[in-house]
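Position one of the sequence shown corresponds to residue 1 (the UniProt record's numbering), numbered consecutively onward.
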Amino acid sequence: MHGFIYIEFEKFALNHLSYKAWEEILAENNLQDRQYSPVAIYPDSEMKNLLSSISGRIQLPQEQILELFGMHIVPDLMKVYQAYIKPEWHTLDLLEHAESTIHFAVRKSTTGAAPPILEVVKSRHNEIVIRYVSERKMVEFGVGIIKGLAHFFNEADNISVELQKNEAEGSSKIIVRQLF
Ligand code: HEM
1 MHGFIYIEFE KFALNHLSYK AWEEILAENN LQDRQYSPVA IYPDSEMKNL
51 LSSISGRIQL PQEQILELFG MHIVPDLMKV YQAYIKPEWH TLDLLEHAES
101 TIHFAVRKST TGAAPPILEV VKSRHNEIVI RYVSERKMVE FGVGIIKGLA
151 HFFNEADNIS VELQKNEAEG SSKIIVRQLF
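Right, here's the structure in full:
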């Protein structure tokens with residue numbers, strides 16, 4: 001996974017844990033010497049292990065941590081990938097272009113980056129359905145990103161996000177509606 005995501009994860013973790021606890025978690029996972037670079041890719045297993053350790057420490061399920069992390073990362077994602085985001089876009093516009101413009105740019109700009117393939121369908125004028133398929137099974141991170149985007153665009157009261165997980169098929173659907 002992208003080093004940028006790990007750097008952001010550390011910032012997020014330090015909002016919930018002391019520095020000492022974070023250092024202990026790194027040591028537990030043999031990551032005490034790891035220096036994440038924002039232009040490199042690291043094994044997904046490191047994220048899985050860090051998530052599991054933090055979940056144990058702060059007594060929150062991993063799914064909830066992923067969603068909170070997704071919400072947390074949005075302002076920085078919007079800064080870093082600003083060049084691919086049109087100034088007139090709001091939440092639904094950005095979601096409509098998340099795969100074709102943004103994840104596409106992520107794959108091009110960092111060799112080895114592998115964001116999930118999102119199948120995005122605008123099912124009605126006020127509704128977007130996103131199908132998520134990824135070996136990483138981190139759909140709640142995407143749900144958090146969407147909620148964070150709604151906050152970012154001051155549309156949180158006007159956007160609903162529904163997650164339909166289908167563990168058997170290994171895919172999930174996120175339905176996003178603009179309410180008024
Ligand atoms: C501002 C818009 C967005 C930006 C800049 C962005 C960027 C990124 C980046 C840099 C990664 C890491 C890729 C890697 O490690 O190889 C990533 C992963 C991910 N993105 Fe996005 N993304 C955006 C929108 C979305 C949206 C709308 C979703 C909704 C489903 C989403 C879902 C995910 C998930 C779940 C991952 C984790 C990796 C995985 O599950 O395979 N992203 N994204």
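For glycine and all other residues, C-beta sits at the position ideal for the given N, C-alpha and C.
(request) Sort PHE153, GLU140, GLU162, PHE141 by Cα distance to GLU127 and report the nearest one. (result) Numbered from its first residue, the sequence shown carries residue 127 at position 127. With distances taken between Cα atoms, GLU127 lies closest to GLU162.
(request) Could you tell me the distance, in whole angstroms, from the CA atom of MET71 to the CA atom of GLY142? (result) For this step, residue 71 is matched to residue 71 along the sequence shown. For this step, residue 142 is matched to residue 142 along the sequence shown. If you draw a straight line from the Cα of MET71 to the Cα of GLY142, it is about 9 Å long.
(message) If you measure between the beta carbons of LEU118 and GLU99, is that distance less than 7 Å?
(response) Position 118 of the sequence shown, counted from the first residue, corresponds to residue 118. Position 99 of the sequence shown, counted from the first residue, corresponds to residue 99. With contacts defined by Cβ atoms closer than 7 Å, LEU118 and GLU99 form a contacting pair.
(message) Helix, strand or coil, according to DSSP, for ASN30 in the structure here?
(response) By 1-based counting over the sequence shown, the position of residue 30 is 30. ASN30 falls in the coil class under three-state DSSP.
(message) I need the straight-line Cα distance from HIS90 to MET78, nearest angstrom please.
(response) Working through the sequence shown from its first residue, we reach residue 90 at position 90. Working through the sequence shown from its first residue, we reach residue 78 at position 78. Each residue's alpha carbon lies about 12 Å from the other.
(request) Put GLU155 into one of helix, strand or coil per three-state DSSP. (result) Taking the sequence shown and counting its residues from 1, one reaches residue 155 at position 155. Three-state result, GLU155: coil.
(request) To the nearest angstrom, report how far apart ILE12 and ASN154 are at their CA atoms. (result) The residue labelled residue 12 in the question sits at position 12 within the sequence shown. The residue labelled residue 154 in the question sits at position 154 within the sequence shown. Reading the sequence as shown, one finds Phe at residue 12 and not Ile. Computed Cα separation, rounded: 22 Å.
(message) Rounding to the nearest angstrom, what Cα-Cα distance links PRO61 and HIS151 in this structure?
(response) As a first step, residue 61 must be located in the sequence shown, where it is residue number 61. As a first step, residue 151 must be located in the sequence shown, where it is residue number 151. Their Cα atoms are separated by approximately 23 Å.
(request) Label GLU23 either buried or exposed according to how many other C-beta atoms from any shown protein chain fall within 10 Å of its C-beta, with 16 as the threshold for buried. (result) Numbered from its first residue, the sequence shown carries residue 23 at position 23. It is exposed - the Cβ of GLU23 has fewer than 16 other Cβ atoms within 10 Å.
(request) Could you tell me how far apart the beta carbons of GLU8 and ILE73 are, in whole angstroms, since I believe they sit closer than 8 Å? (result) Within the sequence shown, the letter at position 8 stands for residue 8. Within the sequence shown, the letter at position 73 stands for residue 73. The beta carbons of GLU8 and ILE73 sit about 5 Å from each other, so the pair counts as a contact at 8 Å.
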